[in-house]
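Worksheet: one structure, shown below.
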Amino acid sequence: MAYQVSDETIESLRHANDVVDIVGEYVQLKKQGRNYFGLCPFHSENTPSFSVNQDKQIYHCFGCGKGGNVITFIMEMEGYTFQQTIRYLAEKSGQSIPELKESSTERVNNEEQAILDAYQWLVKLYHHLLRHSKDGKKALEYLYDRGFSDEAIDQFQIGYSPTSRDFIAQFLEKKGFHKQVMANAGLLTAGNEGNYYDRFQARVIFPIRNHLGKTIGFVGRTITDQEPKYLNSPESSLFKKSKLLYNFDLARSEIRKKGAVILFEGSADVIAAHQAGVMNGVASLGTSLTESHTSLLRRYVDTVLLCYDGDDAGQNATYKAIQLFKKVGCNIKVAALPHNYDPDQYIQEYGSDKFREQVIGTADTEMVFLMKYLKKNFNLKLEGDRLQYVERVIGEIAQLESSIERDHYIRELAEEFNLAYDALSQELKSRIRNIKKNDDNRQRFGNTNGGNQQKYAPKPLNALPPAYQNAERRLIAFMLQNTHIAEKVRETIGSKFNSEQHQIIVTHLYGYYEEGNSPDPSHFLTYLDDANLQQTVVELSMMDYSWEMSEKELQDYIRLIQSEQTESEKIKQLQQQMKQLEKTDPKEAAKVAMEIIKIKQQSKNWS
Numbered sequence: 001m002a003y004q005v006s007d008e009t010i011e012s013l014r015h016a017n018d019v020v021d022i023v024g025e026y027v028q029l030k031k032q033g034r035n036y037f038g039l040c041p042f043h044s045e046n047t048p049s050f051s052v053n054q055d056k057q058i059y060h061c062f063g064c065g066k067g068g069n070v071i072t073f074i075m076e077m078e079g080y081t082f083q084q085t086i087r088y089l090a091e092k093s094g095q096s097i098p099e100l101k102e103s104s105t106e107r108v109n110n111e112e113q114a115i116l117d118a119y120q121w122l123v124k125l126y127h128h129l130l131r132h133s134k135d136g137k138k139a140l141e142y143l144y145d146r147g148f149s150d151e152a153i154d155q156f157q158i159g160y161s162p163t164s165r166d167f168i169a170q171f172l173e174k175k176g177f178h179k180q181v182m183a184n185a186g187l188l189t190a191g192n193e194g195n196y197y198d199r200f201q202a203r204v205i206f207p208i209r210n211h212l213g214k215t216i217g218f219v220g221r222t223i224t225d226q227e228p229k230y231l232n233s234p235e236s237s238l239f240k241k242s243k244l245l246y247n248f249d250l251a252r253s254e255i256r257k258k259g260a261v262i263l264f265e266g267s268a269d270v271i272a273a274h275q276a277g278v279m280n281g282v283a284s285l286g287t288s289l290t291e292s293h294t295s296l297l298r299r300y301v302d303t304v305l306l307c308y309d310g311d312d313a314g315q316n317a318t319y320k321a322i323q324l325f326k327k328v329g330c331n332i333k334v335a336a337l338p339h340n341y342d343p344d345q346y347i348q349e350y351g352s353d354k355f356r357e358q359v360i361g362t363a364d365t366e367m368v369f370l371m372k373y374l375k376k377n378f379n380l381k382l383e384g385d386r387l388q389y390v391e392r393v394i395g396e397i398a399q400l401e402s403s404i405e406r407d408h409y410i411r412e413l414a415e416e417f418n419l420a421y422d423a424l425s426q427e428l429k430s431r432i433r434n435i436k437k438n439d440d441n442r443q444r445f446g447n448t449n450g451g452n453q454q455k456y457a458p459k460p461l462n463a464l465p466p467a468y469q470n471a472e473r474r475l476i477a478f479m480l481q482n483t484h485i486a487e488k489v490r491e492t493i494g495s496k497f498n499s500e501q502h503q504i505i506v507t508h509l510y511g512y513y514e515e516g517n518s519p520d521p522s523h524f525l526t527y528l529d530d531a532n533l534q535q536t537v538v539e540l541s542m543m544d545y546s547w548e549m550s551e552k553e554l555q556d557y558i559r560l561i562q563s564e565q566t567e568s569e570k571i572k573q574l575q576q577q578m579k580q581l582e583k584t585d586p587k588e589a590a591k592v593a594m595e596i597i598k599i600k601q602q603s604k605n606w607s
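Numbered per UniProt numbering, the sequence shown spans residues 1 to 607.
Now the structure itself:
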């Protein structure tokens, strides 16, 4: 076995944690035939190439080549060690497991665990102080005034940090936490004289959880005149604002159910919307939307509804967000809030029903928003500005994928400005041709925009593998699914495959079957330590053979593999002979060289 955990434990956890269910928590999967497909979580893409097979309990990306079982998936996604993954899957399935030996990596991670434990204690303490302390009474009144209900305060575990400077520091010390470690984590602030103080003193506390539901940061909101108005936890290995979304852990199931996510600007808007019955809302954390955010959401949904503030800053942020979501291929809608209203204010003034029906329910399309938004940059009373505006809008329309949508908005533009539809349509076609030409050039010469997307160069069409290699791959693919075929191959050629990687795989496979295991690619992966070997096994296992291998086909594959070994040996002998003849008889050496070329050519033609 590859790991110091019993095979029974691994098998039990694999069976209790279906790979489709686990992957489905990170990727929006749609069933096509026998497999489920979605956008790969390991590299950037707009077209799904990530496949999950429920029968075989494995996944494979045809774009980047990543593949494995439920254990390797969690290790890749969360950056966990094997033992951490086993613990995580055991927790999810409610199983108890034997004590695992602590690795050196996990000892290094003990500080992170201490920080997580400290956050857990502080969430409870801050919430208790808000609810039951004299200090927290003013904060609780502030929340009530803002429209927060008791249910929302409890569900989102909102709290209050006391005015006392050292109360939290003393509390953490009594719980056994090292003050300097807590200061490094941003829970405490170190003074000049070696004293430690509460970073979030006298603030309403909003806990920030990661996608696993663990608190990894706080947002503190002042209720006095202290600056800044909002104070976040500092960036750390646990708290990365550019990759976190507020409320994502609670909203994820509703996002998946509705097939859409609503993106707000702040945590207060998310909570207000939640109280109004809108449960699929999230928000970025005191930072602009990033490509990491959009890529994360795109894996879950096709549709994003932007519900930013109705002021100029909110509209500018909406425009920037649209550009980011367009890159990842999302269907974008924009909630039309009245000018200078934010979602929280609107709900308080007009109520939940109107918010759901008149703001969320009547959201504009991306194009309607852009046509309104771009107008503010032009004086439409001036002819020159009108023409510039029309050209700018045509550029946006040209980027739409639907020809019906393009035609619809061109007609609207022609009618609004009393312009000839045919003229605008011709300009649109020209813009579309230019976009296509630029896309073709990027594909031919590579992406030169300086982006950080991973690139996967297509394999040259003429770089076909030799016939013996295809034979070995197809043979191993069947051996992974059929013990009878594996036994026949073992009796004839054993591990004498031409590829060293194939030799290692079949050697492990024979041992796997010798232990009485049934064909199960996901289980077999646990017998392999090397990631490259695991990916090759996954790739071969994902081959969909709808036919049985006949005895003749089996023998043909074996003969092809053996003949390559024979030819290779013969070529080696001829090369040695040629070297000796070069010294004594150059003409005979040349004949031997021609014979070598002839053998290689015959092998190539056969391929």
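Note that the Cβ used here is the ideal one computed from N, Cα and C, for glycine as well.
Neighbourhood of residue i by C-beta distance below 7 Å, restricted to the same chain and skipping five residues each side
i: Gly450; result: Its pLDDT being 42, under 50, Gly450 is placed unreliably by the model, and nothing is read from it.
i: Lys175; result: Trp121
i: Ser550; result: none
i: Ala272; result: Gly147, Pro343, Asp344, Ile347
i: Arg392; result: Leu374
i: Asn517; result: His523
i: Phe248; result: His211, Val282
Residue i to residue j span [Cα, whole Å]
i: Asn498; j: Ile504; result: 11 Å
i: Val261; j: Ile493; result: 56 Å
i: Thr9; j: His523; result: 12 Å
i: Ser476; j: Arg406; result: Correcting the residue identity first, residue 476 is Ile in this sequence and not Ser. If I take the Cα positions, the gap works out to 50 Å.
i: Leu296; j: Val334; result: 19 Å
i: Ile22; j: Asp7; result: 21 Å
i: Tyr346; j: Phe206; result: 21 Å
i: Gln226; j: Phe200; result: 11 Å
i: Val278; j: Gln426; result: 43 Å
i: Ile435; j: Thr365; result: 22 Å
i: Pro41; j: Gln535; result: 16 Å
i: Ala467; j: Gln323; result: 47 Å
i: Ser161; j: Met371; result: 46 Å
i: Tyr512; j: Ala16; result: 22 Å
Nonlocal neighbours in the same chain, by C-beta distance under 6 Å from residue i, ignoring five residues either side
i: Lys124; result: none
i: Gln481; result: Pro519
i: Ser233; result: Gly186, Gly217, Phe218, Phe239
i: Gly329; result: Asn46
Beta carbon of residue i nearer than 8 Å to that of residue j
i: Gly220; j: Arg203; result: yes
i: Phe73; j: Val19; result: yes
i: Lys30; j: Gly24; result: no
i: Leu428; j: Ile404; result: no
i: Gly213; j: Lys241; result: no
i: Ser267; j: Tyr300; result: no
i: Ala310; j: Tyr350; result: Going by the sequence as given, residue 310 is Gly instead of Ala. The answer is no: Cβ separation not under 8 Å.
i: Ile86; j: Val27; result: no
Buried/exposed call for residue i, threshold 16 Cβ in 10 Å
i: Leu461; result: Caution applies to Leu461, whose pLDDT of 42 falls short of 50 and renders its modelled position unreliable; the value that the coordinates give is listed next. Classification of Leu461: exposed, given that the 10 Å Cβ count is below 16.
i: Met182; result: buried
i: Glu515; result: exposed
i: Arg34; result: exposed
i: Met543; result: exposed
i: Ser133; result: exposed
i: Thr584; result: exposed
i: Gly79; result: exposed
i: Ser44; result: buried
i: Glu472; result: buried
i: Leu13; result: buried
i: Ile485; result: buried
Same chain only: Cβ atoms within 8 Å of residue i, ignoring 5 sequence neighbours per side
i: Tyr142; result: Val204, Ile223
i: Val390; result: Leu413, Phe417, Leu419, Leu424
i: Gly191; result: Tyr197
i: Ser352; result: Gln275, Ala276, Gly277
i: Ala593; result: Met578
Where the beta strand (DSSP E) containing residue i begins and where it ends
i: Pro521; result: Per DSSP, Pro521 belongs to no beta strand (DSSP E); it is in the alpha helix (DSSP H), 521-524.
i: Phe37; result: 35-38
i: Phe478; result: Careful: Phe478 lies outside any beta strand (DSSP E), inside the alpha helix (DSSP H) at 467-479.
i: Asp529; result: Taken as a continuous stretch (DSSP letters only), Asp529 belongs to no beta strand (DSSP E), as it is neither H nor E.
i: Tyr59; result: 58-61
i: Val334; result: 331-334
Span of the alpha helix (DSSP H) around residue i
i: Lys229; result: No alpha helix (DSSP H) holds Lys229; DSSP gives it neither H nor E.
i: Ser161; result: Run containing Ser161: none; DSSP gives neither H nor E here.
i: Arg256; result: 248-258
i: Phe82; result: 82-93
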